[in-house]
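Just below is one structure, and these are the notes that go with it.
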Amino acid sequence: MVVGMGRFRGPRSIVVSAVAVAGLLAGCGTDGPGTVASEPVYRGIAGSCTEMAAPAADAVRAYTGELFSAAVAFEEAGAPSTSPDLATKECRAIYAAEAAPAASPATGPPRRRVIHLRIALQVGESALQAAERHFDTACASVDCRITTGIGDESFEGAVEGSSATAVTMFRTGNAVVSVTVDGSNFASGPGGSDRAAEISELAPGARAIAQAMAADLGAVVT
Numbered sequence: 004m005v006v007g008m009g010r011f012r013g014p015r016s017i018v019v020s021a022v023a024v025a026g027l028l029a030g031c032g033t034d035g036p037g038t039v040a041s042e043p044v045y046r047g048i049a050g051s052c053t054e055m056a057a058p059a060a061d062a063v064r065a066y067t068g069e070l071f072s073a074a075v076a077f078e079e080a081g082a083p084s085t086s087p088d089l090a091t092k093e094c095r096a097i098y099a100a101e102a103a104p105a106a107s108p109a110t111g112p113p114r115r116r117v118i119h120l121r122i123a124l125q126v127g128e129s130a131l132q133a134a135e136r137h138f139d140t141a142c143a144s145v146d147c148r149i150t151t152g153i154g155d156e157s158f159e160g161a162v163e164g165s166s167a168t169a170v171t172m173f174r175t176g177n178a179v180v181s182v183t184v185d186g187s188n189f190a191s192g193p194g195g196s197d198r199a200a201e202i203s204e205l206a207p208g209a210r211a212i213a214q215a216m217a218a219d220l221g222a223v224v225t
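Right under this line is the structure:
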């Protein structure tokens, strides 16, 4: 459920703007002097991408539809954090079709969907506050819409450019989980060009996968 735009926590407010997805996924530092320490809820992330993506398996299959292949696996994407206060893991799967179905809809069927999963655990002092700040900063990095029903807090957003990327991020304790989906569609007719998928085609996938991850997060973070 979407409940509002932007982000406000205590005395702070954040102005919403659009930036690259890389800015969204960047980790945040720890709190400065004078903050109240808090114990991390989680301290470790599943060792493999297969394990990390397991809670979302059904949601991924349902969303990718005819593009789904059991031969496609989530693989490591991006180096983990080197900070002693931040543990991260990022995994990616690409589902693609070589040729359009014989009977193509007027809008052009999906050709490619790229799904990124990223977990960031704040594990230093004031871990919960650092995770909240990570979430706030990410929300400020996209045209975010605060939502409910996923983790302790969540948002949906979009990054527009030469192609669109849908984002759903949620926080549970000191864990911040992001799901991003982008992709392309086949041309809608003979001689046409493939087109980038629209946010309306991508956002449902990001949302459903995030919901599945949140429902069984304890299986991938400990």
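Residues in the sequence shown are numbered from 4 upward in steps of one, following this note's numbering. Where a beta carbon is used, it is the ideal one built from N, C-alpha and C, also for glycine. Being a predicted model, the structure only gives us computed values, none of them experimental.
Reduced DSSP category for residue i - H, G, I as helix; E, B as strand; rest coil
{"i": "A100", "result": "coil"}
{"i": "I153", "result": "coil"}
{"i": "C142", "result": "helix"}
{"i": "E93", "result": "strand"}
{"i": "R46", "result": "coil"}
{"i": "E135", "result": "helix"}
{"i": "A222", "result": "helix"}
{"i": "A199", "result": "strand"}
Residue i burial status per 10 Å Cβ neighbour count (16 or more: buried)
{"i": "P113", "result": "buried"}
{"i": "I97", "result": "exposed"}
{"i": "D61", "result": "exposed"}
{"i": "R46", "result": "exposed"}
{"i": "E156", "result": "buried"}
{"i": "G164", "result": "exposed"}
{"i": "E101", "result": "exposed"}
{"i": "S72", "result": "exposed"}
{"i": "G186", "result": "buried"}
{"i": "A222", "result": "exposed"}
{"i": "E79", "result": "exposed"}
{"i": "T225", "result": "exposed"}
{"i": "G176", "result": "buried"}
{"i": "T53", "result": "exposed"}
Span of the beta strand (DSSP E), counted from its first residue to its last, around residue i
{"i": "I122", "result": "P113 to Q125"}
Endpoints, the alpha helix (DSSP H) within which residue i is located
{"i": "S203", "result": "I202 to A218"}
{"i": "D61", "result": "A60 to T67"}
{"i": "C52", "result": "C52 to A56"}
Under 9 Å between C-beta atoms of residue i and residue j
{"i": "I122", "j": "V179", "result": "yes"}
{"i": "V145", "j": "G160", "result": "yes"}
{"i": "A215", "j": "A59", "result": "yes"}
{"i": "S191", "j": "G111", "result": "yes"}
{"i": "L220", "j": "G152", "result": "no"}
{"i": "V75", "j": "I212", "result": "no"}
{"i": "L120", "j": "S181", "result": "yes"}
{"i": "A133", "j": "F173", "result": "no"}
{"i": "T140", "j": "T171", "result": "no"}
Where in the stretch 151 to 185 do unbroken runs of the beta strand (DSSP E), each at least 3 residues long, occur, reported from the N-terminal end onward?
156 to 162 and 168 to 175
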